[in-house]
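J.: Pasting a structure below so you can have a look.
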Amino acid sequence: MGWPVLSIMTWAPFASALVIMALGRSRPALVRWTALIGTAVSMVCALWLYVNYDVATAGFQFFEEFPLVPSMGITYQLAIDGMSLLMVLLTAIIILAGVFASWTVKTRDQEFYALLLLLVTGVFGVFVSLDLFVFFLFYEIAVLPMYLLIGIWGSSGEVRPQGLFGWAFGRTGVGTKEYAAMKLTLYLLLGSAFILVGMLALYVAAGSTSFSLLALEAVEFDPALQSWVFLAFYIGFGILAAIFPFHTWSPDGHASAPTAVSMLHAGVLMKLGAYGVIRIGMGLLPDATQQWVWLVGAIACINIVYGALSAMAQKDLKYVIAYSSVSHMGIVMLGAATLTENGMNGAVFQMFAHGIMTGLFFALVGLVYEKAHSREIFRMGGFATMMPGIAVAFTIGGLSSLGLPATAGFVAEFLTFLGAWSSANSWWLFPAVIGAFLTSLYVLRVVRAIFWGPKSDDPRFQELPDAQGTEWVAIVILVGVLVLFGVLPGLAITPIDASTVPLLMRLGGM
Amino acid sequence: MNTSYPLVIESGLFTLLLAVFLLGLVRRRADDLLAGWVTLVGLAGLTLAAWSAEPGRVALEGSFVLDELSLFGKRLFLLSGLLSVLATLAMTHPSFRRRGTEYYVVFLASLLGMLVLASARDLIVLFVAFELMSIPLYFLTGFLKGEDAAPEGAMKFFLIGSISSAVILYGLSFVYGAAGTTNMAAIPPAVAVGDPLMLLGLGLMLGGLGFKIAAVPFHMWVPDTYEAANTPFVAWISIAPKAAGFVAILRLYVEGVGEAAVLWVPLIATLAAVSIVAGNLMAIPQKNIKRLLAYSGVAHIGYLLLGLAAMSVSGVGMVLFYLVAYLFGNMGAFFVVQAVNGAEQSDDVEAYRGLARRSPMLALSLLLFLLSLGGIPFMAGFWAKLFVFWAAIEQGMYLLAFLGAVLTVVALYYYLVVARRMYIEDPAVPTPIPVPAPLMVAIGGCLAGIIVMGVYPEPWVQAFLRVALTLFSTN
């Protein structure tokens, strides 16, 4: 028993948020460096965990325990296994990059960083807590600051609502940041209402003694109860993972959010939903998983194809990325639904790969917007000559998105496709492949239109600078990770495999 | 003096009332805050006395008991009274400067009614205490008689309050007829055998009590009354008389009834569901923050009834927890409303534009109070909601708990609309809002309450479960 590394990692951003709130008034440099130190501490902890996690033993490691509400069996119990290890690493990378990406936030920077760091504490907490209840507490912390972050620092879309319902959408404020913030918050809180009821139902059914995941895993729940609780979890967490038809908050929210928040939300928080479905829904309710897996897989197929088609129809750059997340989260859910080792590994790997990739995309879109003050794809053009660095990074991200070998995206999609083919519903492979094809269409189209195609005549876009200073840091980190894990996928697959195999054993899939 | 004797605290309060009354006769000066300070110090002393009291004694041949539940009630009433008086001291309205003594005397009379009610184990004592509590409330609602809304709100409150009292009395006569005695100890056996006259009587009384606690469909008086009355008083009636109503309900329908209490579950569950849905939905279009809090208060009554509908030890214990959490959250929110009203002369949500830029601490306080009311973790209100859902699920009422959980999202919507005004929009005027010292103390106290209960709920849960246990074990 040495340092409580998990707690340090989780609470370091919170501590720096407190310092920022206390001392950061009109001291922008202090705010940024405090945020950087806090997230760097988390990063170091995450790396330490990655190095020291014993893959041979597998299972949960680095336990920390402290009774919180003994009368209800609520324990502050932390531990990680291979899956959460990778998610923690993802979170640490994204937030470190996010701090650099928001280095230039000008208005109310003190509150911005404090809320961002608070949010990150929630995300770390979700991935490391073993107690279902503490999990839920952190989950709520990860949701709420979002409202203010989008509402205050977000940006409203340029493309106004059109078409049949354009008038009604305009009246309700579709496309504005206030609308997006409220929609996102309410959707996610609705999800948490489902989760809360399901959680309490399991707790009561298990005898009201403990919320610990390990204790609940040992209980054989009644199949009827399992059946509806699984649906509650699937909807509750699925909203966060943007499953169809509960995905509509995600494009609006991600498009309106400020850069670092989009990165964190699309990059990490959506994974949190998938993580919840896999770890809690599937992990605790094996019978119901077998019962409902057809639904999970079918909806995932809809997500993949529908998300890709929607992305194709967008004119606003941020909406394209946001809809591509909907499509890619479909791959995650599909991989999980295959209940095969390859598919499950692909799902978790895709969570990681897509997190890094989307983080990179949103960082770059933020930069483009900051320089060109536009998100309209077909107004911009030929930016590669003015900002070669951003263009190259964006292209690498795009290639990973469409699953080109030697990028992380390829490994994830390939494993998922293998899993889908060998699963009970092998037809799932076809929508998945169609989705990958559509992805290459819209990604290449966007990359060409903005960066490599003919130069735009618009006078606004004639003299644009490339990324500078701190902006490079975020890009380099993310591109590096994307390529590293594409070339050496074993770095991630080994710990993932150590956690998916026991899960599949429980599910009776192997 | 041993405060564990029954009636000691009540006598103390009565003495305080007389002292403030005499003070008003002796010192006829405008702009005098002395009566307020005397009331405050007296109430603080009584609150401490109530905290040191031990349960277990009975007076007046069993009509007046000092048990765990009554002590819980007394502490809650005194604490909320104390906070309200603190905030009242910050009132600058000319009527308060001129007729302050009157206000405090009547306020203390109502408080006295509540204290007696908490201990009443006899139908007549219960009814008299109810009236002693209610009649001063009508007066206090119309206290600012120069304002346009005050007489209307007071009249509405008075008419509906009187009718509900009549309904209670009518039901009470059936109960007496069935039991042959006014002692409440006779109720459980009659309920257990299912005496129809008794059930009719108790059913009528539940309707009357429904008016007092403002459950839907008996809630119509709430928004008008809240809008009309002065804010520190509204903060108080948003919790204390409702808590009194719940104490009465616990006495009549739960205490000693045991298994037969299940009889009331469909009725209470229906009231709970209707209150939660209607209260939350009606709060959405409100433009005035006091009306918004009034409707959200109706929804909170629904959640309290949800815990009650579980009719279990954990259910009742969690209702008590909810009451205390609601006390801090709701009173705190009203105190911030009072501070903003002092500067803006308006209770419109519009007046909260850019509050975060004008007075960051005040805005943060209101945000935390609203989040607590909305049931967000690390605030008292989160545990309160969680606990009542838990109690409901324990009894297999999944759908009811689910309904409640989904409607908290609606509640968060209208709370977030206020948050949007405060945090996202720009202020019309950039000047900070002045907060008088007593009000600041009151807000700070409520803030401490929601955070302490939110971060470490364990000791509170234990204490309230112990209280609930006594209700189910005595017989």
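Protein sequence lines, in the order shown, are assigned to chains A and B. Residue numbers for the first sequence follow the numbering used here, beginning at 65 and rising by one. Residue numbers for the second sequence follow the numbering used here, beginning at 4 and rising by one. All C-beta atoms, glycine included, are put in the ideal place defined by N, C-alpha and C.
Confirm, please, whether the CB-CB distance from residue 122 (chain B) to residue 235 (chain B) is below 8 Å.
T.: Here residue 235 (chain B) refers to the residue found at position 232 of the second sequence. Here residue 122 (chain B) refers to the residue found at position 119 of the second sequence. No. Outside cutoff.
J.: Please report the straight-line C-alpha distance between residue 336 (chain A) and residue 187 (chain A), rounded to a whole angstrom.
T.: Sequence index remark: in the first sequence, residue 336 (chain A) carries index 272 (1-based). Sequence index remark: in the first sequence, residue 187 (chain A) carries index 123 (1-based). Going by the C-alpha atoms only, they are around 8 Å apart.
J.: Would you say residue 248 (chain A) lies against chain B (beta-carbon separation less than 8 Å)?
T.: Residue mapping note: residue 248 (chain A) aligns to position 184 of the first sequence, counting from 1. No, no contact with chain B.
J.: Could you pull out every unbroken alpha helix (DSSP H) segment of at least 4 residues lying fully inside the region 15-72 of chain B, listed in chain order?
T.: The qualifying runs are 37-55.
J.: Taking DSSP as the reference, what is the three-state secondary structure of residue 78 (chain A)?
T.: Residue 78 (chain A) sits at position 14 when you count from the first residue of the first sequence. Helix.
J.: Excluding the 5 residues preceding and the 5 following residue 333 (chain B) in the sequence, name in chain order all residues of the same chain whose CB lies nearer than 8 Å to its CB.
T.: Within the second sequence, residue 333 (chain B) is the residue found at index 330, counting from 1. Answer for residue 333 (chain B): 238, 241, 242, 296, 300, 303, 372 and 376, listed in chain order.
J.: I'd like to know if residue 110 (chain B) contacts chain A, where contact means its C-beta is closer than 8 Å to some C-beta of that chain.
T.: Numbered from its first residue, the second sequence carries residue 110 (chain B) at position 107. No - not a single Cβ of chain A is within 8 Å of the one on residue 110 (chain B).
J.: What are the residues in the region 198-209 of chain A lying within 9 Å of chain B by C-beta distance?
T.: So the close ones are 200, 201, 202, 203, 204, 205 and 208.
J.: Count the other CB atoms, across all protein chains shown, that sit within 10 Å of the CB of residue 473 (chain A); report buried if there are 16 or more and exposed otherwise.
T.: By one-based count along the first sequence, residue 473 (chain A) stands at place 409. So residue 473 (chain A) ends up on the buried side.
J.: Have a look at A:537, A:462, A:496 and A:535 and flag the residue whose alpha-carbon is nearest the alpha-carbon of residue 507 (chain A).
T.: Locating residue 507 (chain A) in the first sequence gives position 443, where the first residue counts as 1. Checked all of A:537, A:462, A:496 and A:535; the closest Cα to residue 507 (chain A) is A:462.
J.: Can you tell which of B:388, B:186, B:24 and B:192 has the C-alpha that lies nearest to the C-alpha of residue 261 (chain B)?
T.: In the second sequence, the residue the question calls residue 261 (chain B) occupies position 258. Measuring from the Cα of residue 261 (chain B), the nearest candidate turns out to be B:192.
J.: Listed in chain order, which residues of the region 481-502 of chain A have Cβ atoms closer than 9 Å to some Cβ of chain B?
T.: Listed in sequence order: no entries.
J.: According to DSSP, residue 12 (chain B) sits in a beta bridge with which residue or residues?
T.: Indexing the second sequence from 1 puts residue 12 (chain B) at position 9. Paired residue(s): none; residue 12 (chain B) is not in a bridge.
J.: If I measure Cβ to Cβ from residue 425 (chain B) and keep anything under 6 Å in the same chain, skipping five residues before and after, which residues do I get?
T.: Along the second sequence, one-based indexing puts residue 425 (chain B) at 422. Excluding residues within five positions, the ones whose Cβ falls inside 6 Å are 355, 358, 359 and 366.
J.: Going by the beta-carbon positions, is the gap between residue 149 (chain A) and residue 403 (chain A) smaller than 8 Å?
T.: Counting from one through the first sequence, the residue named residue 149 (chain A) turns up at place 85. Counting from one through the first sequence, the residue named residue 403 (chain A) turns up at place 339. No, the Cβ-Cβ distance between residue 149 (chain A) and residue 403 (chain A) is not below 8 Å.
J.: Could you name the residues of chain A that residue 419 (chain B) contacts, counting a contact when the two beta carbons are closer than 7 Å?
T.: Taking the second sequence and counting its residues from 1, one reaches residue 419 (chain B) at position 416. The answer, in chain order, is 211, 246 and 249.
J.: What residues in the region 117-135 of chain A have a beta carbon less than 7 Å from any beta carbon of chain B?
T.: Listed by position along the chain: 133, 134 and 135.
J.: Identify the residues that DSSP records as bridge partners of residue 139 (chain A): which are they?
T.: What you label residue 139 (chain A) is simply residue 75 of the first sequence in a count that begins at 1. According to DSSP, which records beta bridges pairwise, residue 139 (chain A) is partnered with A:131.
J.: Over the uninterrupted alpha helix (DSSP H) stretch that includes residue 160 (chain B), give me the two end residues.
T.: Here residue 160 (chain B) refers to the residue found at position 157 when the second sequence is read from its first residue. From DSSP, the alpha helix (DSSP H) with residue 160 (chain B) extends over 152-182.
J.: Closest by CA to residue 224 (chain B), which one among B:275, B:244 and B:164?
T.: In the second sequence, counting from the first residue as 1, residue 224 (chain B) sits at position 221. Out of B:275, B:244 and B:164, B:164 has the C-alpha closest to the C-alpha of residue 224 (chain B).
J.: Give a yes or no on whether the minimum CB-CB distance between residue 268 (chain A) and chain B is below 8 Å.
T.: The count along the first sequence starts at 1 and reaches residue 268 (chain A) at position 204. Yes, residue 268 (chain A) lies at the interface with chain B (some Cβ there is under 8 Å from its Cβ).
J.: Do residue 146 (chain A) and residue 553 (chain A) have their CB atoms nearer than 8 Å?
T.: What you label residue 146 (chain A) is simply residue 82 of the first sequence in a count that begins at 1. What you label residue 553 (chain A) is simply residue 489 of the first sequence in a count that begins at 1. No.
J.: Residues of chain B with CB closer than 8 Å to the CB of residue 254 (chain A), please, in chain order.
T.: Taking the first residue of the first sequence as position 1, residue 254 (chain A) is located at position 190. Going along chain B in sequence order, the residues near residue 254 (chain A) (Cβ under 8 Å) are 409 and 412.
J.: Would residue 359 (chain A) pass as an interface residue toward chain B - the criterion being a Cβ-Cβ separation below 8 Å?
T.: What you label residue 359 (chain A) is simply residue 295 of the first sequence in a count that begins at 1. Not an interface residue.
J.: Verify the CB distance criterion: does residue 527 (chain A) have a CB-CB separation below 8 Å to chain B?
T.: Here residue 527 (chain A) refers to the residue found at position 463 of the first sequence. It does not: the Cβ of residue 527 (chain A) has no partner Cβ on chain B nearer than 8 Å.
J.: Determine the contact status of residue 450 (chain B) and residue 335 (chain B), defining contact as a CB-CB distance below 8 Å.
T.: For this step, residue 450 (chain B) is matched to residue 447 along the second sequence. For this step, residue 335 (chain B) is matched to residue 332 along the second sequence. Cβ atoms of residue 450 (chain B) and residue 335 (chain B): closer than 8 Å.
J.: Across the region 43-51 of chain B and the region 11-24 of chain B, are there enough close Cβ pairs to call them in contact, namely three or more that are closer than 8 Å?
T.: With a cut-off of 8 Å, the region 11-24 of chain B and the region 43-51 of chain B count as touching, because enough Cβ pairs lie within range.
J.: How would you label residue 21 (chain B), buried or exposed, when you count the other beta carbons within 10 angstroms and need 16 or more for buried?
T.: Within the second sequence, residue 21 (chain B) is the residue found at index 18, counting from 1. Per the 10 Å Cβ criterion, exposed.
J.: Quick one: Cα of residue 104 (chain A) to Cα of residue 128 (chain A), how far?
T.: As a working mapping, residue 104 (chain A) is identified with position 40 in the first sequence. As a working mapping, residue 128 (chain A) is identified with position 64 in the first sequence. Rounded to the nearest angstrom, the two C-alpha atoms are 22 Å apart.
J.: Measure from the alpha carbon of residue 260 (chain A) to the alpha carbon of each residue in A:199, A:399, A:459 and A:375, then state which is nearest.
T.: Walking along the first sequence from the start, residue 260 (chain A) turns up at place 196. Comparing Cα positions, the closest option is A:199.
J.: Which chain A residues are close to residue 460 (chain B), counting only those with a beta carbon under 7 Å from its beta carbon?
T.: Here residue 460 (chain B) corresponds to residue number 457 of the second sequence, with the count starting at 1. By Cβ distance, chain A contributes 133.
J.: Output the distance between the C-alpha atoms of residue 284 (chain B) and residue 410 (chain A), rounded to the nearest integer angstrom.
T.: The sequence position of residue 284 (chain B) within the second sequence is 281, counting from 1. The sequence position of residue 410 (chain A) within the first sequence is 346, counting from 1. Those two C-alpha atoms are separated by around 44 Å.
J.: Output needed in chain order: residues of the region 388-400 of chain B with a Cβ under 8 Å from some Cβ in chain A.
T.: Residues passing the 8 Å Cβ filter: 389, 392, 393, 396 and 397.
J.: In three-state DSSP terms, what is residue 478 (chain B)?
T.: Here the question's residue 478 (chain B) lines up with position 475 in the second sequence. Residue placement at residue 478 (chain B) is poorly supported in this model, since its pLDDT is 45, which falls under 50; the coordinates still yield a value, given next. Here residue 478 (chain B) sits in coil by DSSP.
J.: Is the region 130-147 of chain A touching the region 485-504 of chain A in the sense that three or more CB pairs, one from each, lie closer than 8 Å?
T.: Not touching, per the Cβ criterion.
J.: Within this structure, are the beta carbons of residue 321 (chain A) and residue 415 (chain A) separated by less than 8 Å?
T.: Indexing the first sequence from 1 puts residue 321 (chain A) at position 257. Indexing the first sequence from 1 puts residue 415 (chain A) at position 351. Cβ distance not < 8 Å, so residue 321 (chain A) and residue 415 (chain A) don't count as in contact.
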